[in-house]
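Sequential numbering of the first sequence, starting at 217, is according to this note's numbering.
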Amino acid sequence: MSDSEDDIPLSQINNGPIISKASTLILNAAPIDDSTPDPSEARTSVTISASQDKESSEDSDDIPLTQRKQQLETEKTLASDSDDDIPLADKRAATKQIMKQESSDDDDIPLAKKRKVQAKAKEVPVSKVASSPKRAASTVSTPAPSKKAKKDEVSKKKLKKEEEEREIYRWWEEQTSQRAGDNEDGGDGVIRWTELSHYGVLFPPEYVPHGIQMKYDGKPVTLTPEAEEVASFFAALLESDHGKNPTFQKNFFSDFREVLAKNPKNPRLERFDKCDFTPIWHQFQLDKERKKQLTKEEKLKLKEERQKIEEPFLFATVDGRKEQIGNFRIEPPGLFRGRGDHPKTGRLKRRVYPEQVTLNLGKESPIPPTLPGHKWGKIVHDQQATWLATWKENINDTSKYVFLAPNSSWKGQSDMKKFDKARELKNYVDKIRASYTADLKDKLSEVRQRATAMYLIDRLALRAGNEKGDEEADTVGCCSLRYEHVTLEPPNTVHFDFLGKDSIRYENTVQVDHQVFKNLKLFQNQVGEGHAIFDRLTTTGLNKHLNSCMPGLSAKVFRTYNASFTCQQQLDRLTNADDTLPDKILSFNRANREVAVLCNHQRAASKSHAQQMVKIEDKIRTIKYQRMKLRKQLFSLDASIKKKRPDLAEDESDLDDDWIMQHDIDTIAKEREKVQTKFHKQNEKRKADGEPLQPDSELKDRLAKVEDLKVQLDKERGGDISVAANMTVHKLLDRIARLDDRLNATKIQATDKEENKEISLGTSKMNYIDPRIIVAWCRSYDVPMEKVYSKTLVQKFRWAQDIPDDWKF
DNA sequence: CGTTAGACTTGGAACAATGTTC
DNA sequence: GAACATTGTTCCAAGTCTAACG
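Structure below.
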């Protein structure tokens, strides 16, 4: 293996913008069906589309960006109005191949049958049990006194675990027909439960005034507790982005003044810029510090107190089964943290009292107690609903709900239903693609717009894009795209730039089907700046049509389908059975990343990312440096090794003399400092213990040793290699091998980190990738599940674990 | 029909817990 | 063992989509 080669990807990855990756990926994942019903009529555009697909699928095979650009440019110059002159001899074949691959995945056993595969079901508990004795065995070596206690603890844990295991409702093992939600015609009229009881919701504690005064115009002012609370909400955010956002400030101040005016004891504060919340802010900083300083015991005690309060709220009983509840807390009052350019951001979100809360309970269930002096707003018995409690929030007048946790049967069932639906789309997608491709030329602009939108939703995994009001942030999805969000570059390149959900920017450049390009141009010209491109299309209309293509189909299913499809495809492509575990994990992360890119799941890069990269690069070099030294020792012991192991004769890349020099200097400096702090610390301890101090000569001796090291390093740099007396060739080879492992692992880590800096993997893992894909992958490549799923995700996807080894999406 | 309400999924950021390193 | 980085969890805003409404 050559180091220089290995280092290439990291730097290159940097250059590859997400955009191009995303576009190639999707076009690749979604081959166009070139068997249009009417070949003579469809020839031109269909041919083109096929050829484009071919090209873009080539793109995806890691052609550097620069080359891709060239390709694009050549195409530009080549392209003329007559579409016919593009040769396509082998291009069809390529498209076919992709299609074939897709349909060969199509080993679709009817879903109903698949569910019954339970051979694995028994294995889960077995492996659990097997792991427990192992743990018990490892405690045997511990000292006698604690032995018994530990053993007790272990068996207790084991028991608890087994009990938990028994308590799990394995709904996925039951006859499908018994389950709600399996109903083809959606969830309407479905009874979800017959018995439902829970302890209601947990209210946040009443406000406790701190008495710290804010200042106005430089002078401290006294506020009523109610006003102080609101001032404190803002004070806490003083240094955050929200606190600095003018809209946030304006909205906060207007609501703050309203609260102030409610009580004549409050001062009149006219101007925001005269307010000074820093005294409160400082107090909060202090509080945080103090909280951090608490001892372990104190923290534990606080935690226990919290848990004791929560305990009754944790579970609900549904038809006799215990189910975990997700969010049983009423949201505390605060300032509304709207995202992006939300016109209401900063407004006061008021405290919620029991009178505003509706509980959903079984008729027979006891009504839980609530805050003293209060009563519940309403008690209902809605057996079609899965919410346990609901209330209205005052900012946007929208409903908030308490639901069961993600590991519950209700959530699990609808999750499974969602993925099964996406999987079902596989069987329809070719037909649907053919049909919208044909519709791209429909005379009815309504139909044509719908087809164009479907193309985008399918190819780019765009969201549907419902209408939004003036009181919300201006964000869009497919149906609500406006003129200015799309830039067209002939012959068929489209630039997208708009704010999507959560005001996350979607920026992408794609080559599209010629007819799509023409349509977009036409629509744009018809509407003009500031107007919706698809002016005849609504999400409702689109979904109605989709539903007629396949029962239960809606726009979001395409996102799920394309995400899961991509993941399956990438995992198959990237993983090798004989890879090391870290390599497999890297492959997994890459597949996961492809999906995240496709769905445009972003995160803010950490402020220290660049520094962190420098640090890790330095770590890599340090390992290489150590390796180099070992190599040299090896050759000085036995020169013949050079011939036997030519791989060891090669120099480490990017280890130049300057770096080595600097590294040695740094090493010495660090060593010196270490010696000194250690010396002083020891003396401080001695002082505290009343022991005699170590003399300064001791420090000098130790520092002299550092100097010896320096001399040795200098000598080694000069080519003078010293080998320890007891060192052997075998030992050296062994050490080098271990360094190589470390080097490899660190490099992988670096690559992963860089590729990941602005991409958030969590959302796709949690919501878009069919967990059965991942479970099957883990099994066939012998990767422990915990390496890819956190504890909670394992629980959430329990239903996905009883599948055959060869399960494919 | 278009509009709104309601219920449920999806999403990034903040926060907490845990792991790593000096 | 404290400081830092990483990972996992919680929070709650912001979507989707269907049903009900007028």
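Note that beta-carbon positions come from the ideal geometry of N, C-alpha and C, so glycine has one too.
Bear in mind that the values here come from a model prediction, so they are computed numbers and not experimental data.
Measuring CA to CA, which of Arg-721, Leu-418, Glu-527 is closest to Leu-678?
-> Counting from one through the first sequence, the residue named residue 678 turns up at place 462. Closest by alpha carbon: Arg-721.
Mark Leu-587 as exposed unless 16 or more other C-beta atoms lie within 10 angstroms of its C-beta, in which case mark it buried.
-> Walking along the first sequence from the start, residue 587 turns up at place 371. Under this definition Leu-587 is an exposed residue.
Report yes if the CB atom of Arg-563 is closer than 9 Å to the CB atom of Ile-611, and no otherwise.
-> On the first sequence, residue 563 is found 347 positions in, with the first residue counted as 1. On the first sequence, residue 611 is found 395 positions in, with the first residue counted as 1. Yes.
For Thr-1008, name the three-state secondary structure that DSSP assigns.
-> As a position in the first sequence, residue 1008 is number 792, starting the count at 1. Assignment of Thr-1008 by DSSP, reduced to helix, strand and coil, places it in the helix class.
Out of Thr-883, Met-844, Gln-629, state which residue places its alpha-carbon closest to the alpha-carbon of Ala-1016.
-> Along the first sequence, read from residue 1 onward, the residue named residue 1016 stands at position 800. When each option's Cα is compared against that of Ala-1016, the closest is Gln-629.
Ile-648: first and last residue of the uninterrupted alpha helix (DSSP H) it sits in | For this step, residue 648 is matched to residue 432 along the first sequence. That run of the alpha helix (DSSP H) goes 625-655.
8 Å CB neighbourhood of Asp-718 in its chain, flanking five on each side removed | On the first sequence, residue 718 is found 502 positions in, with the first residue counted as 1. Same-chain partners within the cutoff: Arg-555, Gly-556, Thr-691.
When you compare only the Cα positions, how much space is there between Asp-957 and Glu-723?
-> Taking the first residue of the first sequence as position 1, residue 957 is located at position 741. Taking the first residue of the first sequence as position 1, residue 723 is located at position 507. When rounded, the separation of the alpha-carbon atoms in Asp-957 and Glu-723 is 39 Å.
Consult DSSP for Phe-774 and reduce its assignment to one of helix, strand or coil.
-> Within the first sequence, the letter at position 558 stands for residue 774. Three-state result, Phe-774: helix.
Return the CA-CA distance between Val-645 and Ala-654, expressed in angstroms with no decimal places.
-> As a working mapping, residue 645 is identified with position 429 in the first sequence. As a working mapping, residue 654 is identified with position 438 in the first sequence. Counting only the Cα atoms, Ala-654 lies some 14 Å from Val-645.
8 Å CB neighbourhood of Ile-211 in its chain, flanking five on each side removed = With the chain represented from 217 up to 1025, any question about residue 211 goes unanswered, as that position is not in the structure.
In or out: Ala-258 buried (at least 16 other Cβ within 10 Å) or exposed?
-> Counted from its first residue, the first sequence places residue 258 at position 42. Bear in mind that a pLDDT of 32 at Ala-258, under 50, signals an unreliable position, so the model cannot answer this.
Straight-line CA distance for Val-773 to Arg-639?
-> Start at 1 with the first residue of the first sequence, and residue 773 comes out as number 557. Start at 1 with the first residue of the first sequence, and residue 639 comes out as number 423. When only Cα atoms are considered, Val-773 and Arg-639 end up about 9 Å apart.
Give me the Cα-Cα distance between Glu-683 and Ser-696, rounded to the nearest whole angstrom.
-> On the first sequence, position 467 is the one that residue 683 refers to. On the first sequence, position 480 is the one that residue 696 refers to. Computed Cα separation, rounded: 6 Å.
Quick one: residues in its chain with C-beta nearer than 8 Å to the C-beta of Asn-763, no 5 flanking neighbours on either side, listed in chain order?
-> For the purposes of this step, residue 763 is identified with residue 547 of the first sequence, where counting begins at 1. Hits under 8 Å: Leu-769, Ser-770.
Below 9 Å between beta carbons: does that hold for Asp-882 and Arg-933?
-> Reading the first sequence from its first residue, position 666 is the one you call residue 882. Reading the first sequence from its first residue, position 717 is the one you call residue 933. Not in contact: Asp-882 and Arg-933 (Cβ atoms no closer than 9 Å).
When we look at the beta-carbon of Leu-453 and count the other beta-carbons within 10 Å, is it buried (16 or more) or exposed?
-> Here the question's residue 453 lines up with position 237 in the first sequence. Leu-453 counts as buried, since no fewer than 16 other beta carbons sit within 10 angstroms of its beta carbon.
When you compare each of Tyr-652, Arg-902, Glu-445, Val-424 to His-761 by their alpha carbons, which one comes out closest?
-> Here residue 761 refers to the residue found at position 545 when the first sequence is read from its first residue. Residue Tyr-652 is the option with its Cα nearest to His-761.
Leu-412, buried or exposed, once every other Cβ within 10 Å from all chains shown has been counted against 16 | If you number the first sequence from 1, residue 412 lands on position 196. Leu-412 comes out buried.
Near Arg-902, what residues of its chain come up, given a Cβ to Cβ distance below 6 Å and the 5 sequence neighbours on each side ignored?
-> As a working mapping, residue 902 is identified with position 686 in the first sequence. Excluding residues up to 5 positions away in sequence, Leu-909 lie with their Cβ nearer than 6 Å to the Cβ of Arg-902 in the same chain.
Nonlocal neighbours in the same chain, by C-beta distance under 6 Å from Phe-733, ignoring five residues either side | Reading the first sequence from its first residue, position 517 is the one you call residue 733. Sequence-distant partners of Phe-733 (beyond 5 residues in either direction) whose C-beta falls short of 6 Å from its own C-beta, in its chain, are Asn-708.
Check whether Arg-1082 and Pro-548 have beta carbons under 9 Å apart = Given that the chain is displayed from residue 217 to residue 1025, the structure contains no residue 1082 and the question cannot be resolved.
Just the Cα atoms here: how many angstroms apart are Glu-444 and Lys-504?
-> Mapped onto the first sequence, residue 444 falls at position 228. Mapped onto the first sequence, residue 504 falls at position 288. In a straight line, the C-alpha of Glu-444 is about 19 Å away from that of Lys-504.
Is the Cβ-Cβ distance between Ile-884 and Val-922 less than 9 Å?
-> Position 668 of the first sequence, counted from the start, is the residue given in the question as residue 884. Position 706 of the first sequence, counted from the start, is the residue given in the question as residue 922. Cβ atoms of Ile-884 and Val-922: closer than 9 Å.
Limits of the unbroken alpha helix (DSSP H) element including Ser-581 | Here residue 581 refers to the residue found at position 365 of the first sequence. According to the DSSP assignment, Ser-581 belongs to no alpha helix (DSSP H), since it is labelled neither H nor E.
Is the segment 430-438 touching the segment 526-542, taking contact as three or more C-beta pairs under 8 Å?
-> The segment 430-438 makes no contact with the segment 526-542: fewer than 3 CB pairs, one atom from each, lie closer than 8 Å.
Touching by the beta-carbon criterion (3+ pairs, under 8 Å), the segment 846-854 and the segment 968-975 = No, the segment 846-854 is not in contact with the segment 968-975.
Among Arg-408, Thr-796, Met-1001, Ser-856, which one has its Cα closest to the Cα of Gly-578?
-> For this step, residue 578 is matched to residue 362 along the first sequence. Looking at the Cα atoms, Arg-408 is the closest of the given residues.
Distance, Glu-810 Cα to Asp-1021 Cα = For this step, residue 1021 is matched to residue 805 along the first sequence. For this step, residue 810 is matched to residue 594 along the first sequence. So the alpha carbons of these two residues sit roughly 24 Å apart.
Is there contact here, the segment 601-620 with the segment 505-518, by at least three beta-carbon pairs under 8 Å?
-> In short, these stretches do not touch, since the Cβ pair count stays below three.
Assigned exposure category for Ala-621 - 16 Cβ within 10 Å defines buried | In the first sequence, counting from the first residue as 1, residue 621 sits at position 405. Buried, by the Cβ-count rule.
Supposed contact pair Leu-656 and Gln-731 - C-beta distance, whole angstroms, cut 8 Å = Reading the first sequence from its first residue, position 515 is the one you call residue 731. Reading the first sequence from its first residue, position 440 is the one you call residue 656. Between Leu-656 and Gln-731 the Cβ distance is about 4 Å, and since that is below 8 Å, they are a contact.
With distances taken from CA atoms, which of Asp-834, Val-534, Leu-516 is nearest Glu-383?
-> Reading the first sequence from its first residue, position 167 is the one you call residue 383. When only C-alpha atoms are compared, the closest one is Val-534.
Out of curiosity, what's the CA-to-CA distance linking Gln-540 and His-701?
-> Locating residue 540 in the first sequence gives position 324, where the first residue counts as 1. Locating residue 701 in the first sequence gives position 485, where the first residue counts as 1. Roughly 43 Å between the two C-alpha positions.
Report the partner residues of Gly-550 according to the DSSP bridge assignment.
-> The count along the first sequence starts at 1 and reaches residue 550 at position 334. The beta-bridge partner set that DSSP reports for Gly-550 consists of Lys-565.
Just tell me which of Phe-781, Phe-804, Leu-948 has its CA closest to the CA of Asn-792.
-> For the purposes of this step, residue 792 is identified with residue 576 of the first sequence, where counting begins at 1. Nearest C-alpha to Asn-792: Phe-804.
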